[in-house]
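Note that the working numbering has the sequence shown beginning at 2, numbered continuously upward.
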Amino acid sequence: MTQPFQRVTVLGAGTMGHGIASVCAIAGLDTVLYDVDLGAVDTGLKMIRKDLDGLVSTGKLTETERDEVLGRIQRSSDLAFAVHGAQLIIEAAPESMDIKRGLFRLLDQRVGEDTIFATNTASLSISQLSSDMDHPGRFLGVHFFNPVHENHLVEVIWGDDTSEVAQALVVDFVRSLGKHPILVRDSPGFATSRLGTLLGLEAIRMVEAGVSRPEDIDKAMVLGYGHPEGPLRLTDLIGLDVQLEAATYLYEALGSEAFRPPKLLEQMVAEGKLGKKTGQGFYSWREDGPSDEH
Numbered sequence: 002m003t004q005p006f007q008r009v010t011v012l013g014a015g016t017m018g019h020g021i022a023s024v025c026a027i028a029g030l031d032t033v034l035y036d037v038d039l040g041a042v043d044t045g046l047k048m049i050r051k052d053l054d055g056l057v058s059t060g061k062l063t064e065t066e067r068d069e070v071l072g073r074i075q076r077s078s079d080l081a082f083a084v085h086g087a088q089l090i091i092e093a094a095p096e097s098m099d100i101k102r103g104l105f106r107l108l109d110q111r112v113g114e115d116t117i118f119a120t121n122t123a124s125l126s127i128s129q130l131s132s133d134m135d136h137p138g139r140f141l142g143v144h145f146f147n148p149v150h151e152n153h154l155v156e157v158i159w160g161d162d163t164s165e166v167a168q169a170l171v172v173d174f175v176r177s178l179g180k181h182p183i184l185v186r187d188s189p190g191f192a193t194s195r196l197g198t199l200l201g202l203e204a205i206r207m208v209e210a211g212v213s214r215p216e217d218i219d220k221a222m223v224l225g226y227g228h229p230e231g232p233l234r235l236t237d238l239i240g241l242d243v244q245l246e247a248a249t250y251l252y253e254a255l256g257s258e259a260f261r262p263p264k265l266l267e268q269m270v271a272e273g274k275l276g277k278k279t280g281q282g283f284y285s286w287r288e289d290g291p292s293d294e295h
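Here it is in structure tokens:
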């Protein structure tokens, strides 16, 4: 497939940022990985190397191909250098409306009018993020999923002012990465966050009501519906605090009782039981994985 871009800049070298940079470089793109902290860029590059080594060990890449991919990634903590000549800029900064809007206002003046801007937000309004830009038609959401090099789904979200040209270019770009794009109109939670949060909250209510054990609820969705992860194990992986934040936002934005945070979720967050990152959530987490103890 024809690649619509040749040079891509990724802003933010965290988990999502370095993952996006990796798949861009694998697809043959000249890629700049930027972060205000050059140490974060170097850490991101180490993680990219680790992921690529995994692909080499399974025969999906040769050592030469791995080295070529790494050679296509430039590191930078200089924003002006990072965005110079970029045809597509993908932002993977912290999930903050103020941070992202400030960044795009700054960049809007520094690049050509044909440069496409994309944000990797999972929930923030595309139309609000681009409201202060001089050229909001070139702005849209491109929501990758973690781990980026393994997950094939990408949400492409258009805002009120996003042009059809920008949409088409980014859809082609996503396909050129070997990913599967879905088009979603800007709305609270988009498609995946809205559906995923709803399923997770209902599973938590079932635990709260004593309907079944967390591990059995998860088995129901894995074995009965073919989900790769059960909703409660996934909540532990995401973080109960993140789930609570998402539920609160969607409840306020949509006004639907279906998104009202369950008391159990609020209680567990207050107790510091945030899932895998604290070692305790709906499962007890050890280095070798979760146990079935609640």
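Yeah, the Cβ is synthetic: ideal placement off N, Cα and C, and Gly gets one too.
From a predicted model like this one, the values you see are computed outputs, not experimental measurements.
- Query: With C-beta atoms as the reference, is D36 less than 8 Å away from Q7?
  - Reply: no
- Task: Give the single residue among L245, T122, T44 whose Cα lies nearest to the Cα of E96.
- Result: T122
- Message: I need the DSSP call for D219, collapsed to helix, strand or coil.
- Response: helix
- Task: Write down the C-beta distance between D162 and P137 rounded to the nearest angstrom, noting that I regard them as a contact closer than 8 Å.
- Result: Right, the Cβ-Cβ distance comes to about 4 Å (below 8 Å), so this counts as a contact.
- Message: Assuming S58 is part of the alpha helix (DSSP H), what are its boundary residues?
- Response: 39-58
- Message: Within a Cβ cutoff of 6 Å, which residues of the same chain sit near E92, ignoring the five residues on either side of it in sequence?
- Response: L12, T120
- Message: Considering Cα atoms alone, identify which of V149, I218, F191, K274 is closest to I49.
- Response: V149
- Query: What does a CB cutoff of less than 6 Å around F191 pick up in its chain, not counting 5 residues either side in sequence?
  - Reply: E156, I158, V185
- Unbroken beta strand (DSSP E) runs of length 3 or more, entirely within the region 142-190: which are they? 154-159, 181-186
- Please confirm if the region 47-61 is in contact with the region 13-29, defined as three or more CB-CB distances below 8 Å between the two stretches. Taking 8 Å as the limit for Cβ pairs, the verdict is that the region 13-29 does touch the region 47-61.
- Task: Compute the beta-carbon to beta-carbon distance between M207 and S213, rounded to the nearest angstrom, for a pair I have assumed lies under 8 Å.
- Result: 6 Å
- Message: As a quick exercise: from S77, P189, V143, H228, pick the residue whose alpha carbon is nearest that of L255.
- Response: P189
- Message: Give me the DSSP bridge partner(s) of V33.
- Response: T10, Q75
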